[in-house]
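Each residue of the sequence shown is one higher than the last, beginning at 5 in my numbering.
Glycine included, every Cβ here is placed at the ideal spot set by N, Cα and C.
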Amino acid sequence: MNIKTFGVVGAGQMGSGIAQVASTFGYDVIIHDINSDCVKRGIDNIKKVLNKRVDKGKITAEEKEKILGRIKTSTDLKDMKAADFVIEAANEEEEIKSQIFKTLDSICGKNVILATNTSSIPIGKIASQTNRQDKIIGMHFMNPPPVMKLIEVVRCLNTSDETYNITRKLSEKFGKTPVNVGDYPAFILNRILMPMINEGIFCLFTRIGTEKDIDTAMKLGANIPMGPLELADLIGLDTCLAVMRNLYTGFNDPKYRPCPLLKRYVEAGWLGRKAGRGFYKY
Ligand code: CAA
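Dropping the structure here:
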């Protein structure tokens with residue numbers, strides 16, 4: 005399959021990062037969001053990251069312009085008709101994703117693979133909204149997508165070998181390392197990482213330490229680059245809560261109950277870096 009144009013639905017931190025990756029590796033990109041403000045925010049995010057790379061001498065100003073020049077923007081999902089492979093990176097809400105997949109299924113060419121960047125919603129559920137279940141797959145990038153090397157490639161029961169092989173190869177072309185993951189709630193990375201973050205929030209909730217104490221303990225004691233609370237702020241507290249809820253309901257296991265403090269912060273709109281306030285102020 006010859007993939008030239010890569011479609012990205014959603015221009016948030018994940019969608020814009022994925023678009024940057026695809027364009028950097030020479031693909032024409034169409035990035036879509038529901039309105040021009042959202043699309044502009046995504047493009048501004050890419051420009052900010054690329055400008056830093058130019059300042060550091062990692063790429064030239066000319067390369068930056070080429071990367072930006074390959075990215076077209078859209079606020080009409082019908083534009084995805086021109087894409088050879090589409091990834092959805094919208095909000096982590098089943099209803100929203102289902103609607104997007106129904107629409108993409110009716111718009112895109114019949115051989116086009118429709119991938120989702122979901123971090124915890126079962127791929128089979130998303131696939132069942134379409135008439136091309138063999139061409140639906142999870143392609144889960146990590147945040148920030150231009151930096152993190154992992155892609156979880158998640159097959160549902162109906163995903164074909166061909167779809168899986170194409171998605172794996174594409175991941176490698178993006179300079180990433182794909183891992184094959186079964187279609188169970190939160191896959192591998194988030195199934196292990198999110199309970200760790202949630203437990204960090206419980207530590208704060210029960211006041212066994214301050215935000216800084218908890219993060220410092222984990223960074224210096226477990227040799228991880230960011231503590232659980234800093235990392236939650238980077239990922240977005242709404243996403244962390246959505247993943248914990250999907251684990252909790254997906255396995256019917258109380259060990260995955262989200263910390264009440266996490267719920268309180270999300271209710272208050274303290275969603276992390278993107279909101280200017282989470283466990284820390286930005
Ligand atoms: N976008 C693009 N590039 C970025 C970036 C961003 N948002 N943030 C940092 N970078 C780049 C920098 O430009 C720099 O690049 P060079 O080495 O080429 O100069 C490099 O990353 C290192 O950045 P910094 O020197 O500024 O800072 P750092 O060394 O502290 O690294 C970090 C920052 C990469 C974010 C690092 O702290 C880290 O790896 N943190 C852990 C991130 C992580 O665990 N992500 C997974 C989250 S879970 C997930 O994503 C799954 C999910 O579904 C929720």
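For Gly11, no alpha helix (DSSP H) segment is defined; the enclosing uninterrupted segment is the beta strand (DSSP E) at Thr9 to Val13. When DSSP reads this structure, Pro182 sits in a beta bridge with Ile155.
In terms of CA proximity to Leu197, Cys244 leads the group Arg172, Cys244 and Gln17. DSSP places Lys60 outside both helix and strand once states are collapsed to three, so it counts as coil. Under the Cβ criterion (8 Å, minimum of three pairs), the segment 19-39 does not count as touching the segment 106-119. The C-alpha of Cys112 lies about 36 Å from the C-alpha of Leu235. For Ile192, no pairing in a beta bridge is given by DSSP. Looking at the DSSP output, Met143 bridges to Val157. By the neighbour-count criterion, in which 16 or more other beta carbons inside 10 Å mark a residue as buried, Val151 falls on the exposed side. Spatial neighbours of Ser102 in its own chain (CB-CB distance under 6 Å, excluding positions within 5 residues in sequence) are listed in chain order as Gln133. Counting along the chain, no beta strand (DSSP E) covers Asp109; the unbroken alpha helix (DSSP H) around it starts and ends at Glu98 to Ile111. In this chain, Asp32 is not harboured by any alpha helix (DSSP H); it is covered by the beta strand (DSSP E) spanning Asp32 to His36.
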